[in-house]
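Enquirer:
Residue numbers (this note's numbering): 15 to 345.
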């Protein structure tokens, strides 16, 4: 099973379909499995007086409300259809995170196979029920959640009609960027052990080493924000990867997947030819005459390894030599 890599374009298209298509190009070229956007109606997502997060205030106009910021980043139905068609052309899966009931219905009507639940909705019972009823594949992000909240969300999804086998739970930390000491990757394994579900990791750190480590620790899904340019205007560009970094992350993850192997410890095909060269055998440490007793004085252990194994040392000591040996000759 290959790791499912989601390149999170999110709102980094800044409301432009041209930019969105360029992001799809970058994701496709990097070799990820899916590119993900966000589907919402600003009216349904935030009340008019909702505050922006501190990181958003730094990366956008601080006098603009959260509502006005989000309104500009909305994608309409036709834009969705156009982006989905473009993804098909580029042979990459289109995903989007719905943030309200209308958006869930829209994405279901558009035939999305996988529904991604963002961290902020893990305590939204009606929302969870709505997605659970669809019986689709679900990816659940768990930023800001504790183990009890994850349990409650899973219970709601399963009770509504989604099979547990169809749910992947992503460990996440909802801070852009996430400080290293707050990543707590081991919590991903705690989720896997506690609920017996497939797990993954949604990353908001700067750089690519943490998602690579997550794959080594058993993540089956990796999600990472990306952008065309970190210096662009908008809330999430700063904590996103640029195209070359996204490529490097994908390449590293694919290498780690291969490197993980099957867990059986035995000589690999590539190292077998080196066994005779690197291992040692029992040899004569000086010339030995036929009939002499083999002992520590006339035996040594040296390369190559294609003679008697030194593990048989105790069995060889005290035996009578059956022939003449020259120094360094294999016994």
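From the three backbone atoms N, C-alpha and C, an ideal C-beta is built for every residue, glycine too.
Count the other CB atoms, across all protein chains shown, that sit within 10 Å of the CB of residue 120; report buried if there are 16 or more and exposed otherwise.
Expert: Position 106 of the chain shown holds residue 120. By the 10 Å Cβ count, residue 120 comes out buried.
Enquirer: Expressed to the nearest angstrom, what Euclidean distance is found between the alpha-carbon atoms of residue 327 and residue 296?
Expert: Sequence index remark: in the chain shown, residue 327 carries index 313 (1-based). Sequence index remark: in the chain shown, residue 296 carries index 282 (1-based). Rounded to the nearest angstrom, the two C-alpha atoms are 7 Å apart.
Enquirer: Would you check whether the ligand SAM has a heavy atom nearer than 7 Å to the C-beta of residue 84?
Expert: Among the components modelled here there is no ligand, and therefore nothing to report on the ligand SAM.
Enquirer: If you follow the alpha helix (DSSP H) that residue 225 is part of, which residue opens it and which one closes it?
Expert: As a working mapping, residue 225 is identified with position 211 in the chain shown. Element bounds for residue 225: 223-230.
Enquirer: Mind reading off the beta-carbon distance from residue 338 to residue 303? Whole number of angstroms is fine, and I expect it under 8 Å.
Expert: Counting from 1 along the chain shown, the entry for residue 338 is found at position 324. Counting from 1 along the chain shown, the entry for residue 303 is found at position 289. The pair is a contact, with the Cβ atoms about 6 Å apart (cut-off 8 Å).
Enquirer: According to the Cβ coordinates, are residue 190 and residue 202 closer than 8 Å?
Expert: In the chain shown, residue 190 corresponds to position 176, counting from 1. In the chain shown, residue 202 corresponds to position 188, counting from 1. Cβ distance not < 8 Å, so residue 190 and residue 202 don't count as in contact.
Enquirer: So residue 170 is in the alpha helix (DSSP H); what residue range does that whole segment cover?
Expert: Within the chain shown, numbered from 1, the residue matching residue 170 stands at position 156. Counting along the chain, the unbroken alpha helix (DSSP H) around residue 170 starts and ends at 161-174.
Enquirer: Bridge partners for residue 215 per DSSP, in chain order?
Expert: Taking the chain shown and counting its residues from 1, one reaches residue 215 at position 201. Paired residue(s): 185 and 236.
Enquirer: Between the stretch 255-262 and the stretch 223-230, do three or more beta carbon pairs fall short of 8 Å?
Expert: no
Enquirer: Nearest by alpha-carbon distance to residue 134: which of 107, 184 and 276 is it?
Expert: Along the chain shown, read from residue 1 onward, the residue named residue 134 stands at position 120. The shortest C-alpha separation from residue 134 is found at 184.
Enquirer: Please go through the same chain and pick out, in chain order, the residues whose beta-carbon is closer than 6 Å to the beta-carbon of residue 34, but skip the five residues on each side of it.
Expert: What you label residue 34 is simply residue 20 of the chain shown in a count that begins at 1. Only 27 and 97 meet the Cβ criterion.
Enquirer: Have a look at the DSSP bridge pairing and note the partners of residue 98.
Expert: Looking up residue 98 in the chain shown gives position 84. According to DSSP, residue 98 bridges with nothing at all.
Enquirer: Beta carbon of residue 22, beta carbon of residue 209: below 8 Å?
Expert: Along the chain shown, read from residue 1 onward, the residue named residue 22 stands at position 8. Along the chain shown, read from residue 1 onward, the residue named residue 209 stands at position 195. Contact: no.
Enquirer: Counting pairs of Cβ atoms below 8 Å between the stretch 68-80 and the stretch 98-113, do you hit three or more?
Expert: no
Enquirer: Where does the unbroken alpha helix (DSSP H) through residue 273 begin, and where does it stop?
Expert: Counting from 1 along the chain shown, the entry for residue 273 is found at position 259. Per DSSP, residue 273 belongs to the alpha helix (DSSP H) from 257-274.
Enquirer: Can you grab the Cα-Cα spacing for the pair residue 79 / residue 269, in whole Å?
Expert: By 1-based counting over the chain shown, the position of residue 79 is 65. By 1-based counting over the chain shown, the position of residue 269 is 255. Taking the straight line from one Cα to the other gives about 44 Å.
Enquirer: Excluding the five sequence neighbours on either side, which residues of its own chain have a C-beta within less than 7 Å of the C-beta of residue 212, listed in chain order?
Expert: As a first step, residue 212 must be located in the chain shown, where it is residue number 198. Here the set comprises 182 and 234.
Enquirer: I need the DSSP call for residue 113, collapsed to helix, strand or coil.
Expert: Translated into positions along the chain shown, residue 113 becomes position 99. DSSP places residue 113 in coil when its eight states are reduced to three.
Enquirer: If you count every other CB in all the chains shown that lies within 10 Å of the CB of residue 30, and 16 or more means buried, which is it?
Expert: If you number the chain shown from 1, residue 30 lands on position 16. Classification of residue 30: exposed, given that the 10 Å Cβ count is below 16.
Enquirer: Going by other Cβ atoms of all chains shown within 10 Å of its Cβ, with 16 needed for buried, is residue 321 buried or exposed?
Expert: For the purposes of this step, residue 321 is taken as the residue at position 307 of the chain shown. Looking at its Cβ environment, which holds 16 or more other Cβ atoms inside 10 Å, residue 321 is buried.
Enquirer: Quick one: give me the first and last residue of the beta strand (DSSP E) that residue 295 is part of.
Expert: For this step, residue 295 is matched to residue 281 along the chain shown. In the DSSP assignment, residue 295 falls within the unbroken beta strand (DSSP E) covering 295-298.
Enquirer: Of the choices 313, 246, 171 and 278, whose alpha-carbon is the least far from that of residue 332?
Expert: The count along the chain shown starts at 1 and reaches residue 332 at position 318. The shortest Cα separation from residue 332 among 313, 246, 171 and 278 belongs to 313.
Enquirer: Tell me, which residues are paired with residue 23 by DSSP?
Expert: One-based indexing of the chain shown puts residue 23 at position 9. None; residue 23 has no bridge partner.
Enquirer: With which residues is residue 53 paired in a DSSP beta bridge?
Expert: Working through the chain shown from its first residue, we reach residue 53 at position 39. DSSP output for residue 53 lists 112 as bridge partner(s).
Enquirer: With the cut-off set at 8 Å, would you say residue 294 and residue 311 are in Cβ contact?
Expert: On the chain shown, position 280 is the one that residue 294 refers to. On the chain shown, position 297 is the one that residue 311 refers to. Their beta carbons are not under 8 Å apart, which means residue 294 does not touch residue 311 by this criterion.
Enquirer: Starting from residue 155, trace the beta strand (DSSP E) in both directions and tell me its first and last residue.
Expert: If you number the chain shown from 1, residue 155 lands on position 141. Taken as a continuous stretch (DSSP letters only), the beta strand (DSSP E) holding residue 155 covers 151-155.
Enquirer: If you draw a straight line from the alpha carbon of residue 248 to that of residue 70, how long is it in whole angstroms?
Expert: Here the question's residue 248 lines up with position 234 in the chain shown. Here the question's residue 70 lines up with position 56 in the chain shown. Going by the C-alpha atoms only, they are around 8 Å apart.
Enquirer: Considering only their Cβ atoms, is the gap separating residue 330 from residue 345 smaller than 8 Å?
Expert: Here residue 345 refers to the residue found at position 331 when the chain shown is read from its first residue. Here residue 330 refers to the residue found at position 316 when the chain shown is read from its first residue. Yes. Within cutoff.
Enquirer: Have a look at residue 15 and residue 59 and give me their C-alpha separation to the nearest angstrom.
Expert: Walking along the chain shown from the start, residue 15 turns up at place 1. Walking along the chain shown from the start, residue 59 turns up at place 45. C-alpha separation (whole angstroms): 36 Å.
Enquirer: Straight-line CA distance for residue 128 to residue 112?
Expert: Indexing the chain shown from 1 puts residue 128 at position 114. Indexing the chain shown from 1 puts residue 112 at position 98. Those two C-alpha atoms are separated by around 11 Å.
Enquirer: Once you ignore the five residues that flank residue 309 on each side, which residues in its own chain have a CB closer than 8 Å to its CB?
Expert: If you number the chain shown from 1, residue 309 lands on position 295. Cβ neighbours of residue 309 beyond the five flanking positions: 331 and 332.
Enquirer: For the putative contact between residue 301 and residue 340, defined by C-beta atoms under 8 Å, what is the C-beta separation to the nearest angstrom?
Expert: The count along the chain shown starts at 1 and reaches residue 301 at position 287. The count along the chain shown starts at 1 and reaches residue 340 at position 326. Indeed, because the Cβ distance is near 5 Å, the residues count as touching under 8 Å.
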